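Below: one structure, written as structure tokens.
Number of protein chains: 2
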Amino acid sequence: MSTCVVAQAGGPTAVINSTLYGVVDEAKRAGISKILGARGGIRGILKEDFVDLGRLDQNTLARIRRTPGAALGGCRYKLPSGPEGSRDFDRIAYVLAKHNVRYFFYVGGNDSMDTALKIHECCASRGLDVSVIGIPKTVDNDICHTDHCPGYGSAAKYIATCVREAGIHAASMYDDEKVVILETVGRNTGWLAASSALAKTREGSAPHLIYLPEVDFSEDRFLADVDRCISRLGGAFVVVAEGIKTKDGRLIGNADPELKDPFGHPQLGEAASYLCGLVRARLKVSARYAKLDICQQSAMHLASRTDWEEAAHVGRQAVSHAVAGGNCVMVSLRRPEGPDPKRDARARGEVRCGVGWVPLSLVANMERRMPDEWIDRSAAFVTPDFLSYLTPLVLGEVPALLESGLPVYADPL
Amino acid sequence: MSTCVVAQAGGPTAVINSTLYGVVDEAKRAGISKILGARGGIRGILKEDFVDLGRLDQNTLARIRRTPGAALGGCRYKLPSGPEGSRDFDRIAYVLAKHNVRYFFYVGGNDSMDTALKIHECCASRGLDVSVIGIPKTVDNDICHTDHCPGYGSAAKYIATCVREAGIHAASMYDDEKVVILETVGRNTGWLAASSALAKTREGSAPHLIYLPEVDFSEDRFLADVDRCISRLGGAFVVVAEGIKTKDGRLIGNADPELKDPFGHPQLGEAASYLCGLVRARLKVSARYAKLDICQQSAMHLASRTDWEEAAHVGRQAVSHAVAGGNCVMVSLRRPEGPDPKRDARARGEVRCGVGWVPLSLVANMERRMPDEWIDRSAAFVTPDFLSYLTPLVLGEVPALLESGLPVYADPL
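And the structure:
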């Protein structure tokens with residue numbers, strides 16, 4: 001009799017439940033006799049709050065797979081260090097031992113990989129034989145040592161679609177509304193803001209300017225860029241990452257630097273609002289902004305089929321690897337080199353990437369930023385090589401189940 | 414030889430080009446020999462900036478019909494009054510006479526119907542025989558004397574879809590992120606904010622609270638509502654209309670009451686940001702916000718088929734009516750009484766509404782607000798009757814043309 005536990009951590013993506021599906025499906029196939037889901041990430045272990053996922057029928061699982069959010073509940077709980085932390089770890093070890101847990105799968109981002117690593121250490125130091133496997137997910141695409149992260153392709157597809165549509169709309173109103181600023185999430189990295197470049201179809205179409213946290217932000221430079229764009233095209237469509245900051249580290253639009261989340265990350269999300277005010281005040285033209293916020297993390301109706309399939313794939317691979325003896329690693333996506341023999345299959349969203357295994361210690365709390373060679377600093381844009389990297393990730397659609405004109409989704413577990 | 418001019422005014426909707434398509438297609442059928450499009454609304458007349466729409470082939474027209482934004486360009490230009498205005502009107506009369514224009518179709522909202530009325534008066538007072546027909550469009554749904562406005566159904570479908578998805582996402586994060594506020598456009602009316610109620614699938618699912626400009630906003634009441642919702646459900650998903658104001662007329666989040674557009678409407682769009690700050694400061698819980706802004710006006714990828722078909726229908730009907738002698742009226746949508754004999758056809762997005770004709774003077778500058786009986790004031794929500802009104806408007810899909818995973822659209826004219 002073997003038992004596995006799976007949990008979802010951090011903020012959800014549109015396809016994090018596809019990973020859950022992959023884990024459960026493969027665990028069944030591998031003959032794992034008990035498949036538990038912990039509700040609310042690591043909190044589910046601490047509270048011994050489990051769902052018996054093995055009992056879910058195929059229809060329910062298929063429906064969950066098409067549902068945004070984290071079906072088990074996500075979490076941003078940081079395991080404390082010191083005496084308090086050791087109480088948490090004692091509790092975790094107790095609960096895992098009590099349920100005879102042999103495999104632990106943690107689906108999350110770089111913060112969550114740190115949690116996974118700590119759970120591995122907690123088990124190892126207590127002599128518990130638990131294989132801990134991390135499974136990447138994040139719309140931010142900022143986990144190291146993987147070609148890309150499940151969740152990113154779908155968010156990129158949503159952002160690029162919205163920017164293409166909003167950009168056409170905006171251009172038809174330039175006589176009266178000069179500047180539109182759209183803000184994406186992404187914390188300290190610009191992968192999502194950069195993805196808006198896919199929207200561009202020709203010289204002059206949106207987006208015109210993209211500001212990434214990887215490049216020091218200068219208000220004067222920004223205003224000059226926007227002004228030049230207005231002179232040339234009649235208006236400007238700007239995309240900014242929420243985490244842009246000046247050379248001396250000041251976050252743009254961050255009114256209260258003291259406001260932090262449990263992992264110590266600052267409160268973001270006022271960059272577009274702030275820059276709109278700046279444009280109005282300094283350039284004396286009208287400006288408006290859009291902020292997609294969690295809509296870009298949950299837009300299942302525009303999920304990329306490639307992303308959705310890959311999300312299930314990494315879940316399955318994590319299970320196979322654990323059963324084969326793997327431990328304390330994260331599954332990573334590896335892009336094959338050279339020309340793509342399966343271009344047509346890929347366009348339908350079939351999985352192309354292979355997988356590899358990275359020690360959790362190499363990904364925990366590490367952050368992968370946009371590489372220099374993909375950023376066109378002079379033009380506040382990205383390079384064609386970046387677009388070649390991104391395009392395969394947004395291919396293919398996941399047809400929605402519709403009722404009365406709206407997509408229908410599963411209830412949480 | 415007869416000539417017609419069509420122009421698009423105000424902010425675009427996802428389906429304003431479907432109306433353009435309807436006008437052009439019907440004008441061809443009616444034998445109107447010259448079909449001109451004025452670029453940038455009334456500005457196109459003033460500048461004599463025309464596109465020969467009659468020369469566009471069927472493929473191009475079909476592609477334009479699926480494209481968001483205003484293919485001819487929109488405008489927020491208010492015809493001045495006084496001597497300056499009379500110069501504009503002289504110029505308009507001169508240009509219309511020079512091109513032998515017999516029919517003028519103006520696609521727009523309540524401000525634009527005022528412009529249409531003035532053009533009618535300008536022509537009539539100068540003895541020009543030009544039939545002026547207004548064609549409604551607005552995501553705001555705030556034009557009087559029509560059951561609903563083309564553009565509203567598609568924006569409502571997008572908002573309801575995003576709120577359903579983001580609501581599931583948010584609920585899976587309530588342990589760490591308590592409050593999400595999503596802001597819709599809609600100026601002084603709450604039709605769009607109210608449309609988010611379609612997202613709700615069961616007691617407890619999002620949205621939980623909807624604040625409309627039709628109801629005096631109280632910060633204390635709002636905080637109490639949110640607090641109660643957190644106690645009951647663990648978190649709160651709130652939708653606010655950009656134009657909510659207090660009993661004494663103060664716009665929520667409107668930092669600069671002096672900032673106005675050319676029609677004298679105040680700068681809106683900081684309600685969600687402001688309320689997030691309020692929740693953090695007063696309830697001491699985390700809060701984030703989304704602001705869809707022009708994405709909700711341009712989301713062709715989620716257009717309602719019903720809306721898209723109706724938008725073409727009103728365009729066609731305007732042409733037939735003008736040719737039959739109609740003048741100085743706006744086409745309005747009339748919902749048939751009683752049970753719906755074509756329920757199945759309607760579910761596929763076929764046009765069900767009939768049309769009627771309203772004098773421009775009855776719609777110019779008038780604003781239709783949500784009726785009292787559709788607002789549940791005590792619960793900050795809408796009534797089931799409102800949902801019965803709205804549901805038919807979001808039915809049916811318009812399949813996108815896709816290339817490399819993204820929708821492809823026509824270039825502007």
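First to last, the sequence lines map onto chains X and W.
With the first letter of the first sequence counted as 1, position 27 gets the number 27 in the working numbering; the numbers rise by one all the way through.
With the first letter of the second sequence counted as 1, position 30 gets the number 443 in the working numbering; the numbers rise by one all the way through.
Glycine included, C-beta positions come from ideal geometry on N, C-alpha and C.
Quick caveat: nothing in here was measured; it's all calculated off a predicted structure.
Against chain X, does residue i count as a neighbour if the rule is that its beta carbon must be under 7 Å from one of theirs?
i: T574 of chain W; result: yes
i: L605 of chain W; result: no
i: L636 of chain W; result: no
i: D798 of chain W; result: no
i: V826 of chain W; result: Note that residue 826 of chain W is Leu in the sequence shown, not Val. Cβ-Cβ to chain X under 7 Å: no for L826 of chain W.
i: K704 of chain W; result: yes
i: S585 of chain W; result: yes
i: R695 of chain W; result: no
i: A649 of chain W; result: no
Residue i CB to nearest chain W CB: under 7 Å?
i: Y158 of chain X; result: no
i: K178 of chain X; result: no
i: R498 of chain X; result: The structure shown does not extend to residue 498 of chain X, since chain X spans only 1 to 413, so no value can be given for it.
i: E301 of chain X; result: The question names Glu, yet the displayed sequence has His at residue 301 of chain X. Yes, contact with chain W.
i: H99 of chain X; result: no
i: S273 of chain X; result: yes
i: A450 of chain X; result: No answer is possible for residue 450 of chain X: it lies beyond the span of chain X, which begins at 1 and ends at 413.
i: H169 of chain X; result: yes
i: R232 of chain X; result: no
i: D175 of chain X; result: yes
Quick check on residue i: buried or exposed, where buried means 16 or more other Cβ atoms within 10 Å of its Cβ?
i: E183 of chain X; result: buried
i: T246 of chain X; result: exposed
i: S567 of chain W; result: buried
i: E627 of chain W; result: buried
i: G186 of chain X; result: buried
i: P749 of chain W; result: exposed
i: A619 of chain W; result: buried
i: R66 of chain X; result: buried
i: G424 of chain W; result: buried
i: A410 of chain X; result: buried
i: K570 of chain W; result: buried
i: P820 of chain W; result: buried
i: R515 of chain W; result: buried
i: R790 of chain W; result: exposed
i: L117 of chain X; result: buried
According to DSSP, what are the bridge partners of residue i?
i: L333 of chain X; result: X:V355
i: V592 of chain W; result: W:A649, W:A700
i: L402 of chain X; result: X:P407
i: P266 of chain X; result: X:K260
i: E810 of chain W; result: W:S717
i: A7 of chain X; result: X:A38, X:Y106
i: V431 of chain X; result: In the structure displayed, chain X extends from 1 to 413; residue 431 of chain X sits before or after that span and is not available.
i: T19 of chain X; result: BP columns for T19 of chain X are empty, so no partner.
i: G547 of chain W; result: W:Y519, W:M743
i: V382 of chain X; result: X:I375
i: I210 of chain X; result: X:V239
Below 6 Å, is the gap between the Cβ of residue i and the nearest heavy atom of the ligand ZN?
i: V15 of chain X; result: As for the ligand ZN, it is missing from this structure, which has no ligand bound.
Using 8 Å as the cut-off, can you tell me whether the stretch 21 to 29 of chain X makes contact with the stretch 319 to 337 of chain X, which would need three or more C-beta pairs spanning the two stretches below that distance? Cβ pair count under 8 Å is three or more, so yes.
Cβ-based contacts, 9 Å cut-off: residues of the stretch 304 to 324 of chain X near chain W: Against chain W - using a Cβ distance shorter than 9 Å - the residues of the stretch 304 to 324 of chain X are S304, R305, T306.
Assess contact between the stretch 576 to 593 of chain W and the stretch 719 to 729 of chain W, defined as three or more Cβ pairs (one per stretch) separated by less than 8 Å. Is contact present? The stretch 576 to 593 of chain W, when compared against the stretch 719 to 729 of chain W, does not touch it at the 8 Å Cβ threshold.
The stretch 737 to 745 of chain W contacting the stretch 485 to 496 of chain W, beta-carbon criterion three pairs below 8 Å: Too few Cβ pairs lie closer than 8 Å, so no.
Three-pair Cβ contact test at 8 Å for the stretch 549 to 556 of chain W versus the stretch 520 to 538 of chain W: As far as the Cβ criterion goes, the stretch 549 to 556 of chain W touches the stretch 520 to 538 of chain W, which means the pair count is three or higher.
What are the residues in the stretch 802 to 823 of chain W lying within 8 Å of chain X by C-beta distance? Here the close residues are T804, V807, L808, G809, E810, L815, S817, G818, L819, P820, V821, Y822.
With 8 Å as the C-beta to C-beta threshold (strictly closer), list the residues of the stretch 25 to 52 of chain X near chain W in chain order. The residues in question are G40, R43.
Would the stretch 74 to 91 of chain X and the stretch 584 to 592 of chain W be scored as touching if the rule is three or more Cβ pairs under 8 Å? Short answer: they touch.
Residues from the stretch 470 to 487 of chain W in contact with chain X, defined by Cβ distance under 7 Å: Within the stretch 470 to 487 of chain W, the residues whose Cβ lies closer than 7 Å to some Cβ of chain X are T480, P481, G482, A483, G486, G487, listed in chain order.
When you check each C-beta in the stretch 600 to 625 of chain W against every C-beta of chain X, which residues fall closer than 8 Å? Correct list: L611, A612, T614, R615.
Taking contact to mean 3 or more Cβ pairs, one atom from each stretch, closer than 8 Å, check whether the stretch 16 to 27 of chain X and the stretch 122 to 137 of chain X are in contact. Here the stretch 16 to 27 of chain X lies against the stretch 122 to 137 of chain X, with 3 or more beta-carbon pairs under 8 Å apart.
Taking 8 Å as the cut-off, does the stretch 118 to 128 of chain X touch the stretch 274 to 289 of chain X (at least 3 CB pairs, one atom from each stretch)? No: fewer than three Cβ pairs fall under 8 Å.
Note down, in chain order, all residues in the stretch 241 to 258 of chain X with a beta-carbon under 7 Å from any beta-carbon belonging to chain W. Cβ contacts with chain W come from no residue of the stretch 241 to 258 of chain X.
If you measure beta-carbon to beta-carbon, which residues of the stretch 519 to 537 of chain W are closer than 9 Å to chain X? Listed by position, the residues of the stretch 519 to 537 of chain W near chain X (Cβ gap below 9 Å) amount to none.
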